[in-house]
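These protein sequence lines are chains C and X, in that order.
Counting in numbering that gives the first Met the number 0, the first sequence runs from 0 upward without gaps.
Counting in numbering that gives the first Met the number 0, the second sequence runs from 0 upward without gaps.
Everything on this sheet refers to the single structure shown next.
Protein chains: 2
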Amino acid sequence: MKEKLNKLKELTAEIMDIYNAAQLLEWDQQVNMPPGGAEQRGNQTATLQRILHTKTISPEYSKLLEELVASADELDPDSDDARLIEACKRFYDQRAKVPPEFTAEWYKTISLAYSTWEKAREASDFKMFQPDLEKVVEMRRQFAEFFAPYDHVYDPLLDYFEPGMKTAEVKAIFDELRPQQVELLKAIADQPQVDDSFLHIEYDEQKQWDFGVEVITKYGYDWERGRQDKSAHPFTTGFSVNDVRITTRVDPLFLPSALFGTLHECGHGLYGMGINPAYERTPLADGASLAVHESQSRTYENLVGRSMPFWQHFYPRLQEFFPAQLGNIDLPTFYKGINKVEPSLIRVEADEATYNLHIMLRLEIEIALMEGALEVKDLPEVWNTRMQEYLGVTPPNDRLGVLQDVHWSSGYIGYFSTYALGNLISAQLWETMIADIPDLTDQFARGEFSALTEWMKSKIHVYGAKYKPQELVQKVTGSQIDPAPYMKYLQTKYGEIYSL
Amino acid sequence: MKEKLNKLKELTAEIMDIYNAAQLLEWDQQVNMPPGGAEQRGNQTATLQRILHTKTISPEYSKLLEELVASADELDPDSDDARLIEACKRFYDQRAKVPPEFTAEWYKTISLAYSTWEKAREASDFKMFQPDLEKVVEMRRQFAEFFAPYDHVYDPLLDYFEPGMKTAEVKAIFDELRPQQVELLKAIADQPQVDDSFLHIEYDEQKQWDFGVEVITKYGYDWERGRQDKSAHPFTTGFSVNDVRITTRVDPLFLPSALFGTLHECGHGLYGMGINPAYERTPLADGASLAVHESQSRTYENLVGRSMPFWQHFYPRLQEFFPAQLGNIDLPTFYKGINKVEPSLIRVEADEATYNLHIMLRLEIEIALMEGALEVKDLPEVWNTRMQEYLGVTPPNDRLGVLQDVHWSSGYIGYFSTYALGNLISAQLWETMIADIPDLTDQFARGEFSALTEWMKSKIHVYGAKYKPQELVQKVTGSQIDPAPYMKYLQTKYGEIYSL
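Here's what the structure looks like:
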């Protein structure tokens with residue numbers, strides 16, 4: 000078995016090298032590539048992906064995995080080796096179970112769907128996008144069949160992003176959460192609104208960048224093992240646990256955009272940098288799931304980065320960067336401004352109190368689409384009705400409504416819920432962490448973040464993708480994903496800000 | 000045959016995709032990669048190179064090539080298809096003729112030699128480097144044997160960089176050139192030295208960068224198909240004819256460093272951007288040779304970039320960028336300053352009049368080492384003697400002498416002569432171009448460079464690696480590589496500057 004395991008590691012290392020090289024091509028495309036490079040980059044990426052695919056589903060690799068899976072009960076099920084076999088099997092199944100002709104057809108479909116969506120959004124005309132989305136939904140249903148049997152047709156899509164997670168679990172969590180979120184929002188809406196006009200004025204771009212760098216350096220982002228660049232859509236990617244890169248974007252007329260974007264991506268980056276180096280060149284050198292990843296970005300962005308202790312330390316420094324803009328704004332006013340709650344049409348602009356409602360609406364729609372309970376043509380109506388019900392606003396057009404997100408046009412069905420689950424996990428981790436380190440927020444007020452990052456590293460980061468998300472949350476917090484801590488967090492925070 | 004050719008193109012496209020992906024990994028390593036990324040980048044590069052190698056020497060590719068080579072006389076020998084078969088065969092031979100164990104040993108050897116060289120240079124102690132260099136030389140002799148039969152043991156090394164070029168040819172060229180270069184240098188040394196102290200003062204780095212960008216934009220560098228970054232050693236690389244990137248470095252205390260470095264790399268970049276797009280994903284999407292490549296960089300850097308007409312246009316603009324530094328320096332003084340001739344110890348700092356002498360010394364040493372006529376241990380003595388003989392200076396230590404260049408420690412024997420050959424070709428092309436476009440330099444004085452770049456594109460760039468260097472020079476200029484035009488160029492230029 001030892002010998003077979005070594006062979007598995009050797010073959011997997013090669014596969015992951017190709018995977019990571021392809022990641023670099025993608026990073027470069029987003030960050031550096033001149034427009035002219037697009038055509039050949041497409042060829043280069045396609046070639047690497049084809050080689051990756053061929054090597055993963057090769058008879059040698061397939062047979063080796065099968066034998067190792069069969070004899071895996073000889074291993075401690077919690078050992079790295081047992082989990083490695085499991086992770087490799089998952090990586091293999093995702094490729095081997097889907098026929099290559101289907102995959103080819105799929106890439107063509109989403110490439111067209113994306114370009115139609117861009118035009119439809121521009122024209123604010125859902126009807127234009129409808130046929131493409133119908134094809135995407137139909138092909139996602141076929142995709143699910145490759146992973147039959149399943150409890151629910153949406154399970155295989157969810158599992159792709161949240162290993163082991165079931166639709167029924169997520170529904171149960173969201174069903175518990177929704178009424179509480181709606182109620183909190185109504186309570187806030189009855190209160191006078193806070194002022195955040197001082198955030199919507201001109202802020203020097205370089206200074207915004209520099210302040211963000213100063214903060215994430217204190218968070219522990221390691222510049223010897225990472226870098227930050229600009230890109231149209233901020234993201235984090237890594238090619239090794241020692242080369243994890245983040246991007247941000249700077250809006251010269253809205254301070255929070257670059258700042259909280261940088262803190263958010265830093266959370267993802269710290270996760271990547273904290274993974275056990277022994278997992279290099281294996282599928283374990285990854286996050287446990289998108290939701291667990293999001294719990295990290297949300298912690299550093301919101302639970303820490305929008306907290307009063309954080310700003311007790313950093314606000315004087317921010318005022319030094321921007322004396323003209325913030326010299327006359329006191330800390331309580333600033334704090335309220337960056338935590339303003341306002342039901343809005345657009346998910347990516349939503350605050351902490353409304354964000355999850357945007358997600359729930361999407362999840363419900365996705366599940367209904369996959370079940371066949373909802374037809375694509377009826378989407379705008381359902382969208383608008385729910386927006387009014389949950390958030391009290393109705394989109395004036397499709398562009399500001401059902402066409403706002405890129406995800407469906409790119410084939411990502413099953414992705415949205417990870418954002419909300421990440422919020423929930425972040426609050427659960429927070430409660431456990433505060434119990435472990437009672438003076439943690441006092442440390443923030445002194446500009447100290449090493450205990451925070453060390454705790455996250457030792458409890459979450461270091462395990463990489465060894466544990467499934469529910470398993471990891473259970474291991475660290477003693478319970479599975481649970482909406483109560485997040486609701487408590489929101490109620491306390493906004494209770495103070497809005498005097499509820 | 001048509002079918003086989005299509006199959007060849009299909010397989011070659013995949014090989015070149017991997018090659019170009021590996022080039023991107025290398026570019027990223029030089030330009031962006033944080034230090035922590037080095038270890039896994041090494042693995043990723045090694046994996047791509049191994050896959051590239053395996054695919055190139057595969058039985059399928061090998062057999063296909065063999066059949067196509069055998070029936071190539073059915074094709075017009077000047078057709079793209081005939082030349083493609085030839086280029087693929089060359090690419091194949093470079094990999095197939097060298098046993099994999101030798102290649103593995105070789106990479107280990109040069110990796111060690113490089114690290115020893117770094118230490119030896121630091122300590123200025125050639126003896127420390129001697130055993131590694133002996134091994135490199137010995138392995139280059141073995142390497143040559145894989146390409147036997149040959150006329151001269153140095154031929155296979157030279158051929159790697161200059162397809163089809165023979166040692167005897169290069170020796171003959173240099174034997175003709177050397178006494179004339181030495182004579183010119185002696186005549187200059189008898190004249191009063193020009194002043195260039197105004198170049199050795201502080202110049203704002205961002206302004207240096209911006210001025211360089213302004214110039215190469217006028218040269219025709221296409222920012223939609225390229226970009227410029229900073230790196231420790233300036234270089235040019237491409238992943239497509241529509242994605243050709245250059246780098247530069249900026250010395251805040253020496254104006255020419257970034258400026259002429261940028262113009263030099265732009266010359267390489269324009270070559271890459273001008274290649275026939277039909278050659279994408281084939282070995283024809285490359286320069287004809289390093290010397291032909293260098294003819295382009297040298298043209299844009301020196302023949303144009305250090306010429307009076309160029310500065311008639313650009314000097315007022317440069318003075319606008321740097322009024323404090325250059326406001327009181329008139330054009331003739333500036334022009335003389337950037338063309339100052341001074342025999343120096345270091346090749347990379349050498350001016351146009353002395354550069355080739357540095358190269359000749361290295362070529363003679365390389366040939367003698369490969370022949371066995373010179374032993375590695377005697378290198379420093381030979382080096383210092385020749386430096387005195389050719390340039391009239393003697394290095395005070397090994398660091399400023401025989402240990403100055405990285406090339407040998409990286410296994411590059413056969414490379415140096417391409418620098419000097421590039422200079423010679425640049426002057427030959429210049430004579431032909433001036434005959435074609437008599438008012439060319441008047442255009443420069445008006446800031447017009449499109450005729451220059453269009454000429455180079457149509458005569459050189461567009462052919463990529465279709466022709467061998469001697470063949471291409473013959474085709475464009477009517478003669479093979481010839482030192483006379485370059486000597487004439489130097490004599491005229493420096494005759495004026497130094498009143499010879």
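Note that the Cβ used here is the ideal one computed from N, Cα and C, for glycine as well.
Fair warning: this is a prediction, and the values are worked out from it, not measured in the lab.
Less than 7 Å divides the Cβ of X:A367 from the Cβ of X:L373. Annotation: X:F197 to X:H232 spans about 24 Å, alpha carbon to alpha carbon. Of all residues in the stretch 24 to 45 of chain X, only L24, W26, D27, V30, N31, M32, P33, P34, G35, G36, A37, E38, Q39, R40, N42, Q43, T44 and A45 place a beta-carbon less than 9 Å from a beta-carbon of chain C. Bounds of the beta strand (DSSP E) holding X:T247 are D242 to T247. Residue environment analysis places C:A143 among the buried positions, since at least 16 neighbouring C-beta atoms fall within 10 angstroms of its C-beta.
C:D150 is a Cβ neighbour of C:K165, given a cutoff of 7 Å. C:C265 sits away from C:Y314, with the two beta carbons spaced by 7 Å or more.
Per DSSP, the unbroken alpha helix (DSSP H) holding C:D131 starts and ends at F125 to F145. In the assembly as shown, C:Q469 is a buried residue. Its beta-carbon has 16 or more other beta-carbons within 10 Å. Within chain X, no C-beta atom comes less than 9 Å from the C-beta of C:A464; the nearest is roughly 17 Å away. According to the DSSP assignment, X:Q190 belongs to no beta strand (DSSP E), since it is labelled neither H nor E. Excluding its 5 nearest sequence neighbours in each direction, C:Y278 has C-beta neighbours in its own chain below 6 Å: A284 and G463, listed in chain order. In the DSSP assignment, C:D209 falls within the alpha helix (DSSP H) that extends over E204 to Y218. Contact between the stretch 414 to 427 of chain C and the stretch 479 to 489 of chain C is present: 3 or more CB-CB pairs across the two stretches fall below 8 Å. With the criterion set as a beta carbon lying under 7 Å from some beta carbon of chain C, the members of the stretch 234 to 265 of chain X are F238, S239, N241 and D242, in sequence order. Here DSSP, grouped into helix, strand and coil, assigns X:K467 to coil. Distances from the CA of C:F125 to each of C:I459, C:T281 and C:P379 were compared; the closest alpha carbon is that of C:P379. Residue range T235 to S239 is occupied by the beta strand (DSSP E) that includes C:S239.
For chain X, the residues of the stretch 213 to 236 of chain C that bring a beta carbon within less than 9 Å of one of its beta carbons are D221, W222, E223, R224, G225, R226 and D228, in chain order. Beta-bridge pairing by DSSP links C:K229 to C:T247. At least 7 Å separates the beta-carbon of X:L489 from that of X:L262. For C:N383, the enclosing alpha helix (DSSP H) begins and ends at L378 to L390. Counting of Cβ neighbours within 10 angstroms places C:L428 among the buried residues, the total reaching 16 or more. Apart from sequence neighbours up to five positions away, the residues of its chain that approach X:K6 with a beta-carbon distance below 7 Å are L63, ordered along the chain. Along the stretch 43 to 62 of chain C, going in chain order, the ones with a CB nearer than 7 Å to a CB of chain X are Q43, T46, L47 and I50.
Looking at the backbone, the Cα of X:G211 and that of X:F234 are separated by about 15 Å. For the pair of segments examined, the stretch 402 to 410 of chain C was found to touch the stretch 119 to 135 of chain C: the number of CB pairs separated by less than 8 Å reaches three. Contacts with chain C at 7 Å (Cβ-Cβ) include X:N19. Contacts between C:E279 and chain X, judged by CB atoms closer than 9 Å, involve E38, Q39 and N42 in chain order. DSSP places X:S478 in the coil class of the three-state scheme, outside both helix and strand. X:M432 sits in a helix when the DSSP states are folded into three classes.
X:E13 has a beta carbon lying within less than 7 Å of a beta carbon in chain C. Using a C-beta cut-off of 8 Å, the stretch 293 to 308 of chain C makes no contact with the stretch 6 to 21 of chain C, since fewer than three inter-stretch Cβ pairs fall below that distance. Not flagged as an interface residue toward chain X: C:D92, since no C-beta distance is shorter than 7 Å.
Minimum Cα-Cα distance from C:I200 among the listed residues C:L157, C:F253, C:G237 and C:E319 corresponds to C:F253. With contacts defined as CB atoms closer than 7 Å, X:K465 and X:R82 qualify as a contacting pair.
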